[in-house]
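Asker: What follows is a structure written as structure tokens; I'll ask about it next.
Protein chains: 2
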Amino acid sequence: MYYLGIDVGGTQIKAGVVDERGAILQRAEAPTGVGCHYSAIIADMAACCQQAMRLAGIPLAQIGSLGVGIPGIADNTTGTVIFCTNLGWHDVPLRQVLQRHLPLEVWIDNDATLAGYAESVAGISKGLRSSVFLTLGTGVGGGIVIDGKPWAGAHGVGSEIGHATLVADGEPCTCGKRGCVERYCSATALLRMAQEACTMHASCAMMQQAGGDMNRLTGRLVIDLAKAGDPLASQVFLQYAHYLALTVNSVISFLDPEMIVLGGGISNAGEFLTRAVEKELPDLLMFKTQPYAKLALASLGNDAGIIGAAMIGKLTLN
Amino acid sequence: MYYLGIDVGGTQIKAGVVDERGAILQRAEAPTGVGCHYSAIIADMAACCQQAMRLAGIPLAQIGSLGVGIPGIADNTTGTVIFCTNLGWHDVPLRQVLQRHLPLEVWIDNDATLAGYAESVAGISKGLRSSVFLTLGTGVGGGIVIDGKPWAGAHGVGSEIGHATLVADGEPCTCGKRGCVERYCSATALLRMAQEACTMHASCAMMQQAGGDMNRLTGRLVIDLAKAGDPLASQVFLQYAHYLALTVNSVISFLDPEMIVLGGGISNAGEFLTRAVEKELPDLLMFKTQPYAKLALASLGNDAGIIGAAMIGKLTLN
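Line order of the protein sequences matches chains A and B. When you line the first sequence up against this note's numbering, it's residues 1 to 318, in that order. When you line the second sequence up against this note's numbering, it's residues 1001 to 1318, in that order.
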């Protein structure tokens, strides 16, 4: 049996045919028709699936189910996408419309939840019963796996670890409150910290590399300079790593998973990042002599969305 | 079938015979022999169980299992109490010693985890598949129920929500780090906030009621004055409720349970407390129009420890 997975983003629709073990056989992509009616976007999603099936030579009869990961919240009981800011969707009957194109069981879930689940099926946390996935990108997303299954909460609004509070009444967040994890642990936050440092040190290496324009700073530039030992960039990076270590410790205090997986743009810093966080962790832990979660880098990259979406259907069928 | 539950605290050992539905038939208590060798304390635990069984007229043959809740961390695989500060225990083979007195299956877990589970079996969150319990006492304890089962983590160090960070680099905590939830949401924290207010307003109603000595302030005194409308006590109470609302929102962001249950000393403030938190919540939520966890007061009081300990054995036998 094979499974279809769709990862819908703000720019691309990606679909894949996935085998029982979470390997992608074939994939197909299309630009997301942002601004189009949802029925057109959903038709494109179905077309991507059909193309991936054709490329893989797998007929519909051999497909067990179809899963869709969306950057928003979904109600899988009704098959409805409740919110999806990137697509401008609100209460869209995704399952119902998709099934007009593809007569399959359809499962919907949040994309970070599914990416975390994918890592636990076919990636770095493979086979572990519990893990927490943090995507460190424009925002901070979370995916929780407990007892081998994804947990997105009783009302579908859980595992939004980016919007737990890290600094009560701190930096204002896009969600309307202040001091969210996302404001200190996202790529956006690293850039803000770098820009704050540049304001005070206008002739620093970061400003030089950015051609004197702090709007041209990138997370990568800051991290590369920190890796090269530039003092100010290192200071900014360690400040970021401190907040991330506090967040990792909060994940341990809440859920104590076997592994905490870091994904998203900032995780490209690799062991430079995990080592900086691991250096702080022992001092933060409540039980200093107890074993605790291993910190690891995501291994599936951009494939996690397709794999997680496909595997959620397999989990539910079993 | 009946189940034995033991709740070991720093001052009292409490044991009870509990039926299938989580009702306590009979109980027995003894002072905790703090300072005695652990074998003596464990013998007292067994004696309490035997007395409760005698009072209930239930023979050993009708007892399914024995559960023990301890104020620390336990490794149920080995049956060992890893840490228990109140009792000064470290790597104590609780199961092994207890089974010399009572030949039963023995289960061990953290007391807040078990109290939360008790509420989900026989208390306010009865029958719900997911709930999070917060004890607001000297410290802040947590109990997580997911999929109808308690979750204390992969290494037994989870559901310590009191030691997640609420204010990065904030107030120093007994655990060695700064800014833990416990430093803002415990009874101890409410008192600190009240004392800070009294320092600036030496002739306030709180100081008058405390006979001019701020060390005689109690959480109850502060809450009673706030209920009566005293402006300064109200300000302190609302500051406390604000931090608690942020913590409740973080629980929703992480886990999105069906219900969040408040227990411990401060929860005696009743609806005065839940209303103050509920007033703030809508502004803090990420998804403002989605349903979210109901906030409720614990209903089992001091019995939760015994009931949870007994029911954990039933869960595992089933």
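From the three backbone atoms N, C-alpha and C, an ideal C-beta is built for every residue, glycine too.
Using Cβ-Cβ distances below 9 Å, what residues of the region 225 to 258 of chain A are close to chain B?
Answerer: For the region 225 to 258 of chain A, which is checked against every Cβ of chain B, the residues closer than 9 Å are H242, Y243, L246, T247, N249, S250, V251, I252, S253, F254, L255, D256, P257, E258.
Asker: Could you tell me which chain A residues have their CB closer than 7 Å to the CB of B/Y1292, listed as they occur along the chain?
Answerer: H155, V157, listed in chain order.
Asker: What residue does the alpha helix (DSSP H) around A/Y117 start on, and which one ends it?
Answerer: Per DSSP, A/Y117 belongs to the alpha helix (DSSP H) from 111 to 122.
Asker: Between the region 1002 to 1012 of chain B and the region 1046 to 1066 of chain B, are three or more C-beta pairs nearer than 8 Å?
Answerer: A contact exists between the region 1002 to 1012 of chain B and the region 1046 to 1066 of chain B.
Asker: At the 8 Å Cβ level, is A/G148 part of the contact set with chain B, yes or no?
Answerer: So no, A/G148 is outside the interface.
Asker: Could you confirm whether any beta carbon from chain B is found closer than 8 Å to the beta carbon of A/C36?
Answerer: Not an interface residue.
Asker: Answer yes or no: the CB of B/G1263 versus the heavy atoms of the ligand ZN, is any distance below 7 Å?
Answerer: Ligands are entirely absent from the displayed structure, and the ligand ZN is therefore not among its contents.
Asker: What residues in the region 1105 to 1125 of chain B bring their beta carbon closer than 7 Å to a beta carbon of chain A?
Answerer: Cβ contacts with chain A: none found.
Asker: Could you compute how far the alpha carbon of B/V1167 sits from the alpha carbon of A/S203?
Answerer: In a straight line, the C-alpha of B/V1167 is about 33 Å away from that of A/S203.
Asker: Alpha carbon to alpha carbon, how far is B/V1222 from A/G141? Give it in angstroms, no decimals.
Answerer: Distance between the alpha carbons of A/G141 and B/V1222: 39 Å.
Asker: What are the boundary residues of the beta strand (DSSP E) that includes A/H341?
Answerer: Outside the shown range of chain A, which is 1 to 318, sits residue 341 of chain A, and nothing can be said about it.
Asker: Check this for me: beta carbons of B/T1274 and B/L1297, under 8 Å apart or not?
Answerer: Yes.
Asker: Which residue comes first and which comes last in the beta strand (DSSP E) that contains B/C1084?
Answerer: 1080 to 1084 is the span of the beta strand (DSSP E), which, as asked, contains B/C1084.
Asker: For a contact defined as C-beta to C-beta under 8 Å, what are the partners of A/E278 on chain B?
Answerer: Simply none; closest approach about 16 Å.
Asker: When you compare the CB of A/K314 with every CB in chain B, is at least one pair closer than 8 Å?
Answerer: Chain B, which has no Cβ nearer than 8 Å to the Cβ of A/K314, makes this no.
Asker: Tell me A/R27's beta-bridge partners as DSSP assigns them.
Answerer: Its beta-bridge partners are A/G16.
Asker: Give every residue of the same chain whose Cβ lies closer than 7 Å to the Cβ of B/Y1117, excluding the five residues on either side of it in the sequence, and list them in chain order.
Answerer: Within the same chain, B/Y1117 has close Cβ partners G1143, V1145, P1150, G1308, M1311, I1312.
Asker: Going straight from the alpha carbon of B/V1018 to that of A/A122, what length do you get?
Answerer: Their Cα atoms are separated by approximately 44 Å.
Asker: Does B/C1048 come out as helix, strand or coil in the three-state DSSP assignment?
Answerer: Here B/C1048 sits in helix by DSSP.
Asker: When the cut-off is 8 Å and only beta carbons count, does A/D91 lie next to chain B?
Answerer: Closer than 8 Å: no.
Asker: Could you say which of B/S1267, B/V1261, B/E1280, B/P1257 lies nearest to B/L1129 if we only look at CA atoms?
Answerer: One point to set straight first is that residue 1129 of chain B is Arg, not Leu, in the sequence displayed. It is B/P1257 whose Cα lies nearest to the Cα of B/R1129.
Asker: Taking Cβ positions only, does B/I1082 come closer than 8 Å to chain A?
Answerer: Yes, B/I1082 lies at the interface with chain A (some Cβ there is under 8 Å from its Cβ).
Asker: Going by DSSP, what residue range makes up the beta strand (DSSP E) through A/Y3?
Answerer: Per DSSP, A/Y3 belongs to the beta strand (DSSP E) from 2 to 8.
Asker: So B/I1223 is in the alpha helix (DSSP H); what residue range does that whole segment cover?
Answerer: Run containing B/I1223: 1219 to 1227, per the alpha helix (DSSP H) assignment.
Asker: Using a Cβ-Cβ cut-off of 7 Å (strictly less than) and excluding sequence neighbours within five positions of B/A1194, which residues of its own chain qualify?
Answerer: Correct list, in chain order: M1206, L1217, V1222, V1236.
Asker: Our contact map puts B/A1304 next to B/A1115 with C-beta atoms below 8 Å; I'd like the distance itself, whole angstroms only.
Answerer: The Cβ separation is near 4 Å, so the contact holds.
Asker: Just mark A/M259 as buried or exposed, buried being the case when its beta carbon has 16 or more other beta carbons within 10 Å.
Answerer: That one is buried.
Asker: Hey, how far is the Cα of A/G57 from the Cα of A/L102?
Answerer: Rounded to the nearest angstrom, the two C-alpha atoms are 16 Å apart.
Asker: State the Cα-Cα distance for the pair B/G1264 and B/G1162, rounded to the nearest angstrom.
Answerer: Computed Cα separation, rounded: 13 Å.
Asker: Whole angstroms are fine: how far does the CA of A/A15 sit from the CA of B/E1182?
Answerer: For B/E1182 and A/A15, the distance between alpha carbons rounds to 45 Å.
Asker: Assuming contact is defined by CB atoms lying nearer than 8 Å, are B/A1074 and B/I1063 in contact in what I supplied?
Answerer: Not in contact: B/A1074 and B/I1063 (Cβ atoms no closer than 8 Å).
Asker: Counting C-beta neighbours from all protein chains within 10 Å, is the total for A/E271 16 or more, i.e. buried, or is it exposed?
Answerer: Result: exposed.
Asker: Look at the alpha carbon of B/Y1038 and the alpha carbon of B/G1156, and state the distance between them as a whole number of angstroms.
Answerer: Looking at the two C-alpha atoms, the distance is approximately 21 Å.
Asker: Buried or exposed: which applies to B/N1215, given that a residue is buried once 16 or more other Cβ atoms fall within 10 Å of its Cβ?
Answerer: It is exposed - the Cβ of B/N1215 has fewer than 16 other Cβ atoms within 10 Å.
Asker: Which residues mark the beginning and the end of the alpha helix (DSSP H) in which B/D1283 is found?
Answerer: It spans 1271 to 1284 - the alpha helix (DSSP H) in which B/D1283 sits, taken as one unbroken run.
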